[in-house]
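Notes for the one structure printed next.
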Amino acid sequence: MTSMTPEGRDAAEMPGARILAEGLRFPEGPVILPDGRVALVEIASGCITAVAPDGTRTVLARPGGGPNGMALGPDGMLYCCNNGGFEWIEEPGVLRPHGCPPDYAGGWIERIDPATGAITRLYDSCDGRRLRGPNDIVLDGQGGAWVTDYGKSRARDRDHGTVYWIALDGSRIVEAAHPFPGGANGIGLSPDGRILYVAETETGRLWAFDILGPGELRKEPWPSPHGGRMLCQFPGFRRLDSLAVTEAGNICVATLVAGEITTVSPDGRILDVVRCDERMPTNLCFGGADRRTAYVTLSNTGRLLMLPWAEAGLALAG
64 MTSMTPEGRD AAEMPGARIL AEGLRFPEGP VILPDGRVAL VEIASGCITA VAPDGTRTVL
124 ARPGGGPNGM ALGPDGMLYC CNNGGFEWIE EPGVLRPHGC PPDYAGGWIE RIDPATGAIT
184 RLYDSCDGRR LRGPNDIVLD GQGGAWVTDY GKSRARDRDH GTVYWIALDG SRIVEAAHPF
244 PGGANGIGLS PDGRILYVAE TETGRLWAFD ILGPGELRKE PWPSPHGGRM LCQFPGFRRL
304 DSLAVTEAGN ICVATLVAGE ITTVSPDGRI LDVVRCDERM PTNLCFGGAD RRTAYVTLSN
364 TGRLLMLPWA EAGLALAG
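The opening position of the sequence shown corresponds to residue 64 in my numbering, with each subsequent residue numbered one higher.
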């Protein structure tokens with residue numbers, strides 16, 4: 064489904080909106096910790112950082128590579144997708160990733176203890192194939208998680224993206240959907256846990272899959288490239304990054320280039336647009352007592368934005 068974009072609102076003009084942290088090195092993957100701090104990755108620094116409500120920052124772990132999306136497990140551990148790292152282009156006020164570093168050997172998925180910084184690598188391959196660029200993760204509440212692998216881009220070619228299902232205990236990884244020619248990025252679940260949403264970056268498409276079981280998705284026939292059904296084709300030049308689902312079941316997608324958070328209904332209509340004051344808002348999560356505060360990573364400029372949200376975010380599965 065293709066939908067026109069509503070006029071939208073500016074985040075900077077919303078009462079209560081403020082920058083909680085600055086000077087971060089390409090932040091992504093925000094997660095609300097039990098003590099109210101926001102844990103996030105700094106991809107360019109290879110570390111996990113916690114930001115307190117007063118803006119104070121603490122480094123929790125230094126996994127190296129390229130820590131990317133995260134989720135908080137029922138055991139209190141952080142489950143992190145590590146893309147293996149990037150090279151970086153730094154211009155005045157803007158940091159952006161490109162390509163692969165000289166020491167790149169693949170990506171992996173790891174468990175991180177936020178209390179001690181201890182790191183356990185869970186997966187770096189599936190069926191004998193190295194993971195390329197694990198990107199985002201959502202827990203299913205049944206001892207597993209759905210994970211996207213964006214792939215890696217090179218000067219003349221790029222990897223196709225993939226969706227995996229993993230057991231959190233490290234015992235099983237399943238390739239669930241492939242290929243995503245434009246890179247599989249943001250991932251989330253409907254409130255009833257029956258639908259998996261996947262944002263494909265370069266095509267500007269939001270896909271939906273019915274879940275049949277752990278690692279098993281109902282597949283649409285060709286010409287769907289991977290079996291998903293296209294929920295929404297974003298208009299114009301818009302690339303998609305991470306996403307978060309609300310309690311009502313709407314899908315909030317971090318929308319690159321246009322610099323927006325775009326809310327899409329479960330039937331594929333674009334309902335709302337919140338404009339951020341940079342072109343690459345990459346991730347968001349919901350916090351606060353009523354989950355009506357959105358935390359948005361403004362990655363190019365290294366900031367964490369917090370702002371009131373019009374609806375409550377979904378209580379995430381552990």
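Every residue gets a Cβ at the ideal spot worked out from N, C-alpha and C, and that includes glycine.
The beta-carbon separation of Ala-113 and Ala-102, rounded to 5 Å, stays under the 8 Å limit for a contact.
If you look at Cys-348, you'll find it in the beta strand (DSSP E) that goes 344-350.
With respect to the 8 Å criterion, Leu-231 and Gly-136 are classified as neighbours on the basis of their beta carbons. A check of alpha carbon separations from Val-94 across Ser-305, Leu-259, Gly-299 identifies Ser-305 as the nearest.
Closest by C-alpha distance to Thr-179, out of Leu-334, Pro-329, Phe-89, Ala-124, is Ala-124. With respect to Ala-307, Leu-334 sits apart: the two C-beta atoms are not nearer than 8 Å. Excluding sequence positions up to five before and after Gly-156, its CB lies within less than 7 Å of the CB of Thr-364, all in the same chain and listed in chain order. Contact check for Gly-162 and Arg-217: beta-carbon distance about 6 Å, within the 8 Å limit, so the pair qualifies. Straight-line measurement puts the Cα of Gly-381 at about 13 Å from the Cα of Leu-252.
Around Val-337, the same chain offers Arg-72, Ala-74, Ile-324 as residues with beta carbons nearer than 6 Å, after the five sequence neighbours per side are excluded. Secondary structure in the segment 129-171: the beta strand (DSSP E) runs of 3 residues or longer, each lying completely within the stretch, are 130-135, 141-145, 150-154, 157-161 in chain order.
CA-to-CA, the gap between Glu-85 and Ala-107 works out to about 14 Å. Look at Ser-253 here: in three-state DSSP terms it is coil, with no helix or strand label. Counting only runs of at least 3 residues, the segment 196-254 fully encloses the following beta strand (DSSP E) elements, listed from N- to C-terminal order: 197-202, 207-212, 224-230, 236-243, 247-252. Around the beta-carbon of Phe-297, 16 or more other beta-carbon atoms lie within 10 Å, marking it buried.
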